[in-house]
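In the numbering used here, the protein residues as written are 2 to 272.
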């Protein structure tokens, strides 16, 4: 029976722009060449996902992008998309000026690049650019009719998570009718309301409309929404406890999960 694997990218396959393990790539290719379906689920936007896919020649059939608010096939055909209204997106960007020590960013589809505002400045990293860069950020933001996703990240450690949670709560309070706020490892993903990796996974399985063995693997809080939809959900031994608790099995590498998937038989899932 055909199998389908929903696989996170960052801190699952890729660490600091390097493959976690060459064996992961070899196993993904074996899985795909065996006639199974491979879906990457990521908070990355289209340009960011394409970059890493090209860099490492990652095989795939579908992409779930922007933390679940966009689905594409391997030919770049849009299968589903939901966006944040421009006015709500601008409200979130302005709200983030109140939070020191964070970087807020969005993707500009016209210029095909990310635009970042960090600590009140816009250099994409440390925040010392000056007034001209700030003005460019806000000019580009005002030109966005709808935001695919807004990201908010820190440059600290896991000790920053409680602060991110508070920031997320403030955004939900201000824009609760229009956005979904999801915690990643050290960042927040703000997407259109009710859009998560899990919701996109469910949509894609419904679109496929056939029987498959369903698997997923991820390391972060934003992957947990997929776990209950899979026949087997994998995470990592070093994941946070609230990620490990709802997972079915733990591994150290993606290839270990694929080895198990290719050698087991599970009940058929009917969509």
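The C-beta atom is built at its ideal place from N, Cα and C for all residues, glycine as well.
- Excluding the 5 residues flanking it on each side, residue 115 has same chain C-beta neighbours closer than 6 Å at 106, 108, in chain order.
- Contact check for residue 44 and residue 223: beta-carbon distance about 6 Å, within the 8 Å limit, so the pair qualifies.
- By the neighbour-count criterion, in which a residue is buried when 16 or more other Cβ atoms sit within 10 angstroms of its Cβ, residue 46 is buried.
- A distance below 8 Å separates the beta carbons of residue 150 and residue 190.
- Minimum Cα-Cα distance from residue 62 among the listed residues 68, 35, 161, 83 corresponds to 35.
- Listed in chain order, the beta strand (DSSP E) runs fully inside the stretch 180-243 are 180-184, 188-193, 214-218, 233-237, counting runs of at least 3 residues.
- Between residue 69 and residue 192, the beta carbon gap of about 7 Å places them in contact (Cβ cut-off 8 Å).
- For residue 45, there is no enclosing alpha helix (DSSP H), as DSSP marks it with neither H nor E.
- As the crow flies, the alpha-carbon of residue 250 is around 16 Å from that of residue 9.
- Each of 228, 132, 111 was checked against the Cα of residue 144, and the nearest Cα belongs to 111.
- Counted as a single uninterrupted DSSP element, the beta strand (DSSP E) harbouring residue 152 occupies residues 151-155.
- Rounded to the nearest angstrom, the gap between the Cα atoms of residue 135 and residue 188 is 22 Å.
- In the displayed model, residue 21 falls within coil according to three-state DSSP, outside both helix and strand.
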